[in-house]
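For the sequence shown, position 23 (counting from the first letter as 1) is numbered 35 according to this note's numbering, and the numbering increases by one without interruption. C-beta atoms are modelled at their ideal positions from N, C-alpha and C, and glycine is treated no differently. Remember, predicted model here, so these are calculated numbers, not experimental data. What follows is a single structure, written as structure tokens, with notes after it.
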Amino acid sequence: STSASLAMKRSASDAQLVAHGETKSSTSSGIRLPLLLHLSPRIPADQQAELRVLVSSKPQYACFAESEEKALLVLPDFQQEELAALEKRKRRVVGLPFVLRFLQDPGLLSKVPALPLYDL
13 STSASLAMKR SASDAQLVAH GETKSSTSSG IRLPLLLHLS PRIPADQQAE LRVLVSSKPQ
73 YACFAESEEK ALLVLPDFQQ EELAALEKRK RRVVGLPFVL RFLQDPGLLS KVPALPLYDL
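Dropping the structure here:
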């Protein structure tokens with residue numbers, strides 16, 4: 013169908029935008045660069061520290077927010093009740109594994125189908 017091929021073309025162009033450092037691009041999931049991240053207090057301190065170092069080395073791809081509002085809330089794991097409560101509050105949620113993978117390979121953003129997303 014033509015809509016499927018258009019969707020494929022659109023995601024390919026998103027990947028190119030990301031690859032060329034075009035920070036105003038957004039994907040079909042509505043995520044924009046740089047990702048605005050808010051870390052869950054449940055993420056162990058050593059993993060938070062590792063993530064902070066990674067993010068500081070790639071400011072064009074991600075930065076941290078003081079509050080969860082408008083940010084992507086990063087969780088170490090997905091617990092159904094917590095996820096349901098966060099979605100009710102209109103929070104956008106991603107898993108720590110996805111954020112770590114994205115920082116290694118920003119082109120992954122074009123593959124995000126929708127949120128919440130734990131990993132790809």
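Going by the beta-carbon positions, is the gap between residue i and residue j smaller than 9 Å?
i      : j      : result
LEU127 : VAL106 : yes
LEU75  : LEU115 : The question names Leu, but residue 75 in the sequence shown is Cys. Not a contact, by the Cβ cut-off of 9 Å.
LEU108 : LEU45  : no
ALA96  : LEU49  : no
ARG54  : GLU80  : no
LEU132 : ARG101 : no
Among residues of its own chain, excluding the 5 on either side of residue i, which ones have a beta-carbon nearer than 6 Å to its beta-carbon?
i      : result
VAL111 : VAL86
LEU98  : VAL105
LEU51  : GLN60, VAL86
Going by the DSSP bridge assignment, what does residue i pair with across the sheet?
i      : result
ARG101 : Paired residues: none, contrary to the question.
LEU121 : None; LEU121 has no bridge partner.
LYS76  : According to the sequence shown, residue 76 is Phe rather than Lys. Beta-bridge pairing links PHE76 to LEU49.
LEU85  : HIS50, VAL105
Please state whether DSSP places residue i in a helix, a strand or coil.
i      : result
VAL111 : helix
LEU63  : helix
LEU127 : coil
LEU95  : helix
PRO71  : coil
By Cβ distance below 7 Å, which residues in the same chain neighbour residue i in space, the five residues on each side in sequence not counted?
i     : result
ALA57 : none
Touching by the beta-carbon criterion (3+ pairs, under 8 Å), the stretch 86-98 and the stretch 69-78 = no
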